[in-house]
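S.K.:
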Amino acid sequence: MFRTEQNMAQVKASPKTYDVVIVGSGAGGGVAAQVLANAGAKICMLEAGAWFDCTKQSDMFGWPYDAPHRAASTHEKPFGYFDATLLGGWEVPGEPYTNAAGSDWMWWRARMLGGRTNHYGRISLRMGPYDFKPYSRDGKGFDWPITYDDLAPYYDKAEELIGVFGSHEGLENTPDGKFLPAPAPRGYEKVVKAASDKLNIPCIPSRLAILTRSIHGRPACHYCAQCGRSCGVNANFNSPGVHIFPAMKTGNLEVRSNAMAREVLVGPDGMARGVSYVDKTTRKEVSVYGKIVVLAASCCETARIMLNSKSNQFPNGIANSTGLVGRYIMDTVGSAVSGFFPIMQDLPPENEDGVGGMHMYMPWWLYKEQKANKMPFARGYHIEFGGGRHQPGAGVLSGSERLLGGGYGAELKQNLRKIYGAHVGFSGRGEMIPNDDSYCEIDPNTVDQWGIPVLRFHFKWSDDELLQAKHMQETFKEIIETAGGVVTNSHGPEKRWGISNGGQIIHEVGATKMGADPKTSVLNQYCQAWDCKNLFITDAAPFVSNADKNPTLTISALGWRTSEYIADQVKKLNVKV
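Here the sequence shown stands for residues 352 to 928, where the numbers follow our numbering.
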């Protein structure tokens, strides 16, 4: 369906035109590259960060005592010294962003091949039927232009490729998938499940993109529990190891790292003709040309590129005739409570490592009550919890004086060993409803070190999210107390029920809303720009809502669907290549 002639000259000598230019190498860019490369497209992928191969660069087996500050979190490495993010975090040197008055948005960026897929939690939850039609259910937000049934085949494909473990439960609006066997629950997870059963809160095996069996030549997880460092054997999902390197083996994909995208280039016919980027190693401007452009730079970065892509045809940014590019950004609602479980103290040592994440979780369970208007807020949340005898790091027993009353010497050490592994933390991950006060725009007064105008964020939680956080706090306390535990840290109204800052959960979605009407959306149901039919988006920017299901699996499935559509449209000559 795509032409297959041999490559012409390199860009600097005599620019050739690729079939597709993809900006970004995370979940959305990776799946687009693999699907389109397998279809025969000649692709150039631009990645703003450095090259990364987890099988060669992972620090999976590093010991805390061999790292500065015992590998503790720092301003530069907020998830600890061994976090896989090469360059990035809430702040990227030389690449600022700003907040409007009254806003405190936090924007995590990972400047490396594969982006956040190298260090994220691998939680892989399908959105359910209700999640695609939330407005029809409660009159808030918007409906997606597609249904669960439209995306279900692509969830199947994504799960079968990346490998997701889980169990078939048949729960309301929590679709089962194509699962690998789930690992057994750890000791503390069994205690929490017993308490949740008493409260009629479902507690089931979690669904993570970590291999419990070998598939596609990738080995099963060996249970070192260090997934956030990236996996040295490629046993968890990461875009380079699962998508990009296999796509490169077709001979159809060229990857350019350290390529900081500035704008989408537009021809006199209003069609995208390529991408202008800064080569960060030479600081020179480079143009790469393509007949189709796919943006997958991450939600807000994609919006930034589009808003900076101004031309005579698109004075407000490419594909922005509605003025909706950058609007309706959302993050996941987060709030946390921790507790001490006496039943878990003074136990004999036991290896509870397992995978690098939870073996059990609690999906939202109050759909019927919400439908009957018996809840004070719309939408729901799921519960993640963690504890046990994981590898101790800096600060693992901080706050122990509240339980032990202090101490010194051998007695203190013995008492600390007694309570080690008896703490459990609970975190809610809930749905935010899009609102008019949450958006990003270009800051007219600030540029980054590459001379590219930066984003300015506006953000606001609504009462729905605040009341959801309140419900989280109350529920987590109830679980801890039902298990015979003691709440050690919680939040009340004076701290807004512990609700996270916008962007802090690193689940930002929205900014280029898809829809059925070109007057009220940026993209159509295939994530194709209404105003520029050879421009597509395969990250989380097209999301219409942000369900309580972590977004990565839906990014993968939606990106797969979009990429197959691109290939089909090329075949039908509706998009020229």
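Just so you know, even glycine gets a beta-carbon here, dropped at the ideal spot from N, CA and C.
Just to confirm the assignment, what range does the beta strand (DSSP E) spanning E520 have?
M.R.: Looking up residue 520 in the sequence shown gives position 169. Segment: none, E520 is in no beta strand (DSSP E) and carries neither H nor E.
S.K.: Got a sec: is the Cβ-Cβ distance from V805 to anything in chain C below 9 angstroms?
M.R.: Absent from the structure is chain C; it holds one protein chain and no more.
S.K.: Spatial neighbours of T561 within its chain, please: CB distance less than 6 angstroms, with the 5 preceding and 5 following residues excluded, ordered by chain position.
M.R.: As a working note, residue 561 is residue 210 in the sequence shown. It should be pointed out that residue 561 corresponds to Ile in this sequence rather than to Thr. So the list reads R473, C572, N587 and V706, once near-sequence residues are dropped.
S.K.: By alpha-carbon positions, which one of I734, L387 and F691 ends up nearest to Y712?
M.R.: By 1-based counting over the sequence shown, the position of residue 712 is 361. The candidate whose alpha carbon is nearest that of Y712 is I734.
S.K.: Out of G737, V382 and C578, which has the shortest C-alpha to C-alpha gap to K508?
M.R.: Residue numbering aside, residue 508 sits at position 157 when the sequence shown is read from its first letter. When each option's Cα is compared against that of K508, the closest is V382.
S.K.: Locate the beta strand (DSSP E) running through V838, then write down its first and last residues.
M.R.: Position 487 of the sequence shown, counting from 1, holds the residue named residue 838. Residues V837 to N840.
S.K.: Using 9 angstroms as the threshold, is the C-beta distance between F808 and W456 below it?
M.R.: As a first step, residue 808 is located in the sequence shown; it is residue number 457 there, counting from the start. As a first step, residue 456 is located in the sequence shown; it is residue number 105 there, counting from the start. Contact flag set, yes.
S.K.: Buried or exposed for G453, please, with buried defined as at least 16 other CB atoms from any protein chain shown within 10 angstroms of its CB.
M.R.: Locating residue 453 in the sequence shown gives position 102, counting from the first residue. Classification of G453: exposed, given that the 10 Å Cβ count is below 16.
S.K.: Tell me the rounded alpha-carbon separation between Q920 and V926.
M.R.: Reading the sequence shown from its first residue, position 569 is the one you call residue 920. Reading the sequence shown from its first residue, position 575 is the one you call residue 926. Roughly 6 angstroms between the two C-alpha positions.
S.K.: What separation, rounded to the nearest whole angstrom, lies between the Cα atoms of I803 and D630?
M.R.: For the purposes of this step, residue 803 is taken as residue 452 along the sequence shown, with counting starting at 1. For the purposes of this step, residue 630 is taken as residue 279 along the sequence shown, with counting starting at 1. Rounded to the nearest angstrom, the two C-alpha atoms are 13 angstroms apart.
S.K.: Using 10 angstroms around the beta-carbon of K363, count the other beta-carbons present and answer buried if the total reaches 16, otherwise exposed.
M.R.: Your numbering for residue 363 matches position 12 in the sequence shown. In this predicted model, K363 has a pLDDT of only 47, less than 50, meaning its place in the structure is not dependable enough to derive any value.
S.K.: Output the boundary residues of the beta strand (DSSP E) element that contains I793.
M.R.: As a working mapping, residue 793 is identified with position 442 in the sequence shown. Run containing I793: Y790 to V798, per the beta strand (DSSP E) assignment.
S.K.: If we call anything under 9 angstroms between Cβ atoms a contact, is V688 one with L397?
M.R.: Taking the sequence shown and counting its residues from 1, the one referred to as residue 688 is at position 337. Taking the sequence shown and counting its residues from 1, the one referred to as residue 397 is at position 46. Cβ atoms of V688 and L397: not closer than 9 angstroms.
S.K.: Rounded to the nearest angstrom, what separates T673 and L874 at their Cα positions?
M.R.: Taking the first residue of the sequence shown as 1, we reach residue 673 at position 322. Taking the first residue of the sequence shown as 1, we reach residue 874 at position 523. So the two alpha carbons sit approximately 11 angstroms from each other.
S.K.: Can you confirm whether the segment 819-827 touches the segment 835-852 when touching is taken to mean that 3 or more C-beta pairs between the two stretches lie within less than 8 angstroms?
M.R.: Result yes; three or more Cβ-Cβ pairs closer than 8 angstroms.
S.K.: Are the beta-carbon atoms belonging to M599 and A399 less than 9 angstroms from one another?
M.R.: As a first step, residue 599 must be located in the sequence shown, where it is residue number 248. As a first step, residue 399 must be located in the sequence shown, where it is residue number 48. Contact: no.
S.K.: Beta strand (DSSP E) containing F691: first to last residue?
M.R.: Position 340 of the sequence shown holds residue 691. Looking at the DSSP string, the run of the beta strand (DSSP E) that includes F691 is V684 to F691.
S.K.: Under 8 angstroms by Cβ, that's how I've got A891 and I906 pegged, so tell me the actual separation to the nearest angstrom.
M.R.: Looking up residue 891 in the sequence shown gives position 540. Looking up residue 906 in the sequence shown gives position 555. Sure, about 5 angstroms apart at Cβ, within 8 angstroms.
S.K.: Helix or strand or just coil, what does DSSP make of N358?
M.R.: To locate residue 358, count along the sequence shown from 1; it is residue 7. Here the model assigns N358 a pLDDT of 34, short of 50, so the residue's position is not dependable and the matter cannot be decided.
S.K.: Relative to the C-alpha of G668, which residue among D882, W911 and D410 is closest?
M.R.: Position 317 of the sequence shown, counting from 1, holds the residue named residue 668. Minimum Cα distance to G668 is reached at D882.
S.K.: Using the three-state DSSP reduction, which class does T368 fall into: helix, strand or coil?
M.R.: Residue 368 sits at position 17 when you count from the first residue of the sequence shown. T368 falls in the strand class under three-state DSSP.
S.K.: Does the pairing of the segment 503-519 with the segment 529-549 give three or more beta-carbon distances under 8 angstroms?
M.R.: The segment 503-519, when compared against the segment 529-549, does touch it at the 8 angstroms Cβ threshold.
S.K.: Name the DSSP beta bridge partners of N587, please?
M.R.: Translated into positions along the sequence shown, residue 587 becomes position 236. According to DSSP, N587 bridges with I561.
S.K.: Consult DSSP for R580 and reduce its assignment to one of helix, strand or coil.
M.R.: Taking the first residue of the sequence shown as 1, we reach residue 580 at position 229. Reduced to three states, the DSSP call for R580 is helix.
S.K.: For the candidate residues H426, W458, L438 and N796, whose alpha-carbon lies nearest to that of E859?
M.R.: Here residue 859 refers to the residue found at position 508 of the sequence shown. For the residues H426, W458, L438 and N796, the minimum Cα distance to E859 belongs to W458.
S.K.: Given this structure, state the Cα-to-Cα distance separating R740 from M695, to the nearest angstrom.
M.R.: Residue 740 sits at position 389 when you count from the first residue of the sequence shown. Residue 695 sits at position 344 when you count from the first residue of the sequence shown. Cα to Cα, the separation comes out at about 10 angstroms.
S.K.: Classify N897 as helix, strand or coil using the three-state DSSP reduction.
M.R.: Counting from 1 along the sequence shown, the entry for residue 897 is found at position 546. Three-state result, N897: strand.
S.K.: Cutting at 6 angstroms between CB atoms, please list the residues of its own chain near V975, excluding the five before and the five after it.
M.R.: Residue 975 lies beyond the residue range present for the chain, which begins at 352 and ends at 928; the question has no answer from this structure.
S.K.: What is the C-beta distance between A461 and T436, in whole angstroms, given that I count them as a contact (C-beta under 8 angstroms)?
M.R.: Numbered from 1 along the sequence shown, position 110 holds the residue referred to as residue 461. Numbered from 1 along the sequence shown, position 85 holds the residue referred to as residue 436. Confirmed, Cβ separation roughly 5 angstroms.
S.K.: Please classify R634: does DSSP put it in a helix, a strand, or coil?
M.R.: Taking the first residue of the sequence shown as 1, we reach residue 634 at position 283. R634 falls in the coil class under three-state DSSP.
S.K.: With distances taken Cα to Cα, identify the nearest neighbour of C650 among T863, K764 and A880.
M.R.: Start at 1 with the first residue of the sequence shown, and residue 650 comes out as number 299. When each option's Cα is compared against that of C650, the closest is T863.
S.K.: Under the rule that 16 or more other beta-carbon atoms within 10 Å means buried, what is N786, buried or exposed?
M.R.: Locating residue 786 in the sequence shown gives position 435, where the first residue counts as 1. N786 is buried by the Cβ-count criterion.
S.K.: Residues in the same chain with beta-carbon distance under 6 angstroms from V593, minus the five sequence neighbours each way, listed in chain order, please.
M.R.: The residue given as residue 593 occupies position 242 in the sequence shown. I513.
S.K.: Report the partner residues of F810 according to the DSSP bridge assignment.
M.R.: To locate residue 810, count along the sequence shown from 1; it is residue 459. In DSSP, F810 forms no bridge with anything.
S.K.: Alpha helix (DSSP H) containing I917: first to last residue?
M.R.: Position 566 of the sequence shown, counted from the start, is the residue given in the question as residue 917. Start and end: T903 to K922.
S.K.: In chain order, what residues of the same chain have a beta carbon less than 7 angstroms from the beta carbon of T368, not counting five sequence neighbours either side?
M.R.: As a position in the sequence shown, residue 368 is number 17, starting the count at 1. For T368, where only same-chain residues beyond five positions count, the Cβ hits under 7 angstroms are Y640, G641 and K642.
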